[in-house]
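*Asks:* All you need for our numbering is the position in the sequence shown, starting with 1, plus 3.
Backbone N, C-alpha and C fix where the C-beta goes; we use that ideal spot for every residue, glycine too.
Here the structure is a predicted model, which is why all the values come from computation and not from measurement.
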Amino acid sequence: MSAESNYDPGLPIRLLHDRVLVQLEGSDGERRSTAGIVIPATASMGKRLSWAKAVGVGPHVRSIVTGDRVLFDPEDRAEVELHGRAYILLRERDLHAVAAERVDTDSTGLYL
4 MSAESNYDPG
14 LPIRLLHDRV
24 LVQLEGSDGE
34 RRSTAGIVIP
44 ATASMGKRLS
54 WAKAVGVGPH
64 VRSIVTGDRV
74 LFDPEDRAEV
84 ELHGRAYILL
94 RERDLHAVAA
104 ERVDTDSTGL
114 YL
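(1) Would you kindly check if the distance between the Cβ of Ala103 and the Cβ of Arg72 is under 8 Å?
(2) Is it buried or exposed, Ile91, if we count other Cβ atoms within 10 angstroms and call 16 or more buried?
(3) Between the Cα of Glu28 and those of Pro77, Arg22, Glu95, Arg96, spot the shortest distance and give me the residue it belongs to.
(4) Just to confirm the assignment, what range does the beta strand (DSSP E) spanning Glu82 have?
(5) Determine the extent of the beta strand (DSSP E) in which His99 is found, giving its start and end residues.
(6) Any idea what DSSP makes of Leu18, helix, strand or coil?
(7) Nearest to Val58 by alpha carbon, out of Arg105, Val68, Val101?
This is the structure we're talking about:
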């Protein structure tokens with residue numbers, strides 16, 4: 004797979020090496036529990052990982068393709084703005100898991 008096909012053609016960027024460009028899903032604001040209780044953004048919680056959608060990947064990324072949902076630690080991130088939208092730039096090794104239809108049901112989807 005060529006590096007040219009691993010990014011959104013609308014983005015003015017070509018990622019290098021093992022970089023993954025992601026866009027957060029949802030908002031960082033208030034959340035709702037499974038019971039329907041609203042949890043404000045200011046509520047103190049333990050370390051919480053976040054899901055994001057991969058919108059671009061570098062040529063040396065092995066386990067992620069554009070469109071995959073990835074799990075990462077939001078404290079270990081570099082933010083960038085392109086065309087007025089906020090994105091997060093990560094290394095593939097900083098991702099904890101990938102959720103995609105192409106992931107085998109026998110595999111965990113984890114990148115270790």
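*Replies:* Short version:
(1) Residue mapping note: residue 72 aligns to position 69 of the sequence shown, counting from 1. Residue mapping note: residue 103 aligns to position 100 of the sequence shown, counting from 1. Yes, these two residues count as a Cβ contact at 8 Å.
(2) Within the sequence shown, residue 91 is the residue found at index 88, counting from 1. Buried, because 16 or more other Cβ atoms sit within 10 Å of the Cβ of Ile91.
(3) By one-based count along the sequence shown, residue 28 stands at place 25. The candidate whose alpha carbon is nearest that of Glu28 is Pro77.
(4) Counting from one through the sequence shown, the residue named residue 82 turns up at place 79. 81–85 is the span of the beta strand (DSSP E), which, as asked, contains Glu82.
(5) Mapped onto the sequence shown, residue 99 falls at position 96. 98–102 is the span of the beta strand (DSSP E), which, as asked, contains His99.
(6) One-based indexing of the sequence shown puts residue 18 at position 15. Leu18 falls in the coil class under three-state DSSP.
(7) Taking the first residue of the sequence shown as 1, we reach residue 58 at position 55. Out of Arg105, Val68, Val101, Val68 has the C-alpha closest to the C-alpha of Val58.
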